[in-house]
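Trainee:
Residue numbers (the numbering used here): -15 to 136.
Take a look at the structure:
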């Protein structure tokens, strides 16, 4: 499900948009817990994109003669990633279930390093849905980062 989210201001002192190399560099210098929270958020964003791709395929199949179109992954650019933001509350619940962060304060602490580097952005859902959080990187970049962190 897409959200219209307005970002709560850009990170201070971050030059230009986030790059894949920059993100990997930050990830290599943070704790395992921080890396886990980043991966959790990235996986969730990708799942949100896939859910929308499935909805679109379903709608297209309903219009055609029941022949289902080939599954296509949407490569969402960094600019549009805020539409696939997840509620902060959901991230907290997942982090708690996986014992990555057991308190709001612990989770915010883990996210702070990423916020400082512009790797995680928070905003408010226009629908009044509270705090939303996302990684401003294109889907294919998120996937490459997740793959390279799995290989380490």
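Think of the CB as a built atom: it goes at the ideal place given N, C-alpha and C, for glycine as much as any other residue.
1. Quick one: what's residue 115 bridged to in DSSP?
2. Could you compute how far the alpha carbon of residue 88 sits from the alpha carbon of residue 76?
3. Within the chosen definition, does the stretch 22 to 40 reach the stretch 122 to 132 through at least 3 CB pairs nearer than 8 Å?
4. Kindly list the residues whose CB is nearer than 8 Å to the CB of residue 59, restricted to its own chain and excluding five residues on each side of it in sequence; keep chain order.
5. Do the stretch 67 to 75 and the stretch 107 to 123 touch if we need at least three Cβ pairs shorter than 8 Å?
6. Assign residue 53 to one of three DSSP states: helix, strand, or coil.
7. Counting C-beta neighbours from all protein chains within 10 Å, is the total for residue 1 16 or more, i.e. buried, or is it exposed?
8. To which residues does DSSP link residue 71 through a beta bridge?
9. Give me the Cα-Cα distance between residue 12 and residue 84, rounded to the nearest whole angstrom.
10. Considering only residues of the same chain and omitting the five flanking positions on each side of residue 10, which have a CB-CB separation below 8 Å?
Mentor: Reading from the atomic positions:
1. The count along the chain shown starts at 1 and reaches residue 115 at position 131. Residue 115 pairs with 108.
2. Taking the chain shown and counting its residues from 1, one reaches residue 88 at position 104. Taking the chain shown and counting its residues from 1, one reaches residue 76 at position 92. When only Cα atoms are considered, residue 88 and residue 76 end up about 7 Å apart.
3. Taking 8 Å as the limit for Cβ pairs, the verdict is that the stretch 122 to 132 does touch the stretch 22 to 40.
4. Along the chain shown, read from residue 1 onward, the residue named residue 59 stands at position 75. Hits under 8 Å: 122, 123, 124.
5. Contact check between the stretch 67 to 75 and the stretch 107 to 123: three or more CB pairs, one atom from each, fall below 8 Å, which counts as touching.
6. On the chain shown, residue 53 is found 69 positions in, with the first residue counted as 1. Residue placement at residue 53 cannot be trusted, given a pLDDT of 49 that sits under 50; what the coordinates show is reported in the next sentence. In the structure shown, residue 53 sits in coil (DSSP, three-state: anything other than H, G, I, E or B).
7. Here residue 1 refers to the residue found at position 17 when the chain shown is read from its first residue. Using a 10 angstroms sphere on the CB of residue 1, the tally of other CB atoms stays under 16, which defines it as exposed.
8. Position 87 of the chain shown holds residue 71. According to DSSP, which records beta bridges pairwise, residue 71 is partnered with 116.
9. For the purposes of this step, residue 12 is taken as residue 28 along the chain shown, with counting starting at 1. For the purposes of this step, residue 84 is taken as residue 100 along the chain shown, with counting starting at 1. Roughly 18 Å separates the two Cα atoms.
10. By 1-based counting over the chain shown, the position of residue 10 is 26. Residues of the same chain with a CB within less than 8 Å of the CB of residue 10, apart from the 5 flanking positions on each side, are 97, 98, 101, 103 in chain order.
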